[in-house]
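Notes for the one structure printed next.
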């Protein structure tokens, strides 16, 4: 049986109320401020695009449970990205999960690179996006 790459997971505690963090991760303007330009709407079944460096990436909202969880499919390769929020006594525990990776040697069509290479790059990218970019937006 082929090995499947594990999900990317980033967790941070933000010194901000859950409502402010939710606005940053569940609105088009909020997502654009720390991640990528998009035409997102927080409606289950809503199709939208993230404007990635490799061109528009088709996505679809899979779950929207304000202010606790948002999940969407990302691109045509089957990835699922989830944002999970928990109140932590006036602060917010935020967890990002980027899952549904394939085998390390499987090719990601849009980039024509192996999943193992793309996962490493995206893991490093998510670390900066969550711990630096999103933190700056929600703690300002």
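Residue numbers (full-length UniProt numbering): 1 to 140.
Built from N, CA and C at the ideal position, the CB exists for glycine as well.
Note that the structure is a prediction, hence the values are computed from the model and not measured.
Measure from the alpha carbon of residue 109 to the alpha carbon of each residue in 64, 46, 78, 135, then state which is nearest. Numbered from its first residue, the chain shown carries residue 109 at position 109. Of 64, 46, 78, 135, the residue nearest in Cα terms is 78.
Across which residues does DSSP place residue 10 in a beta bridge pair? Indexing the chain shown from 1 puts residue 10 at position 10. DSSP output for residue 10 lists 96 as bridge partner(s).
Of the residues 48, 53, 27, 73, which one's Cα is nearest the Cα of residue 125? Residue numbering aside, residue 125 sits at position 125 when the chain shown is read from its first letter. Of the candidates 48, 53, 27, 73, the one whose C-alpha sits nearest the C-alpha of residue 125 is 53.
Output yes or no for whether 7 Å exceeds the beta carbon distance between residue 34 and residue 134. On the chain shown, residue 34 is found 34 positions in, with the first residue counted as 1. On the chain shown, residue 134 is found 134 positions in, with the first residue counted as 1. Closer than 7 Å, so yes.
Residue from 43, 44, 59 with nearest C-alpha to residue 50: Position 50 of the chain shown, counted from the start, is the residue given in the question as residue 50. Ranking 43, 44, 59 by Cα distance to residue 50 puts 59 first.
Taking 7 Å as the cut-off, decide whether the C-beta atoms of residue 98 and residue 31 are in contact. Taking the first residue of the chain shown as 1, we reach residue 98 at position 98. Taking the first residue of the chain shown as 1, we reach residue 31 at position 31. The answer is no: Cβ separation not under 7 Å.
Tell me where the beta strand (DSSP E) around residue 102 begins and ends. The residue given as residue 102 occupies position 102 in the chain shown. Careful: residue 102 lies outside any beta strand (DSSP E) and carries neither H nor E.
Give every residue of the same chain whose Cβ lies closer than 8 Å to the Cβ of residue 5, excluding the five residues on either side of it in the sequence, and list them in chain order. The sequence position of residue 5 within the chain shown is 5, counting from 1. Cβ neighbours of residue 5 beyond the five flanking positions: 101, 102, 103, 104, 115, 116, 119.
Residue 25 and residue 44 closer than 7 Å at C-beta: As a working note, residue 25 is residue 25 in the chain shown. As a working note, residue 44 is residue 44 in the chain shown. Cβ distance not < 7 Å, so residue 25 and residue 44 don't count as in contact.
Helix, strand or coil for residue 60? Go by DSSP, reduced to three states. As a first step, residue 60 is located in the chain shown; it is residue number 60 there, counting from the start. Of the three classes helix, strand and coil, the one that applies to residue 60 here is strand, per DSSP.
Is DSSP giving residue 19 helix, strand or coil here? By one-based count along the chain shown, residue 19 stands at place 19. For residue 19, the three-state secondary structure derived from DSSP is helix.
Boundaries of the beta strand (DSSP E) in which residue 128 is found, first to last residue: By one-based count along the chain shown, residue 128 stands at place 128. Secondary structure note for residue 128: it is in no beta strand (DSSP E), and the uninterrupted alpha helix (DSSP H) holding it is 115-128.
Taking the C-alpha atoms as reference points, what is the distance between residue 72 and residue 81? As a position in the chain shown, residue 72 is number 72, starting the count at 1. As a position in the chain shown, residue 81 is number 81, starting the count at 1. If you take the alpha carbons of residue 72 and residue 81, they lie about 5 Å apart.
Considering residue 138, what are the terminal residues of the alpha helix (DSSP H) in which it resides? Taking the first residue of the chain shown as 1, we reach residue 138 at position 138. It spans 135-138 - the alpha helix (DSSP H) in which residue 138 sits, taken as one unbroken run.
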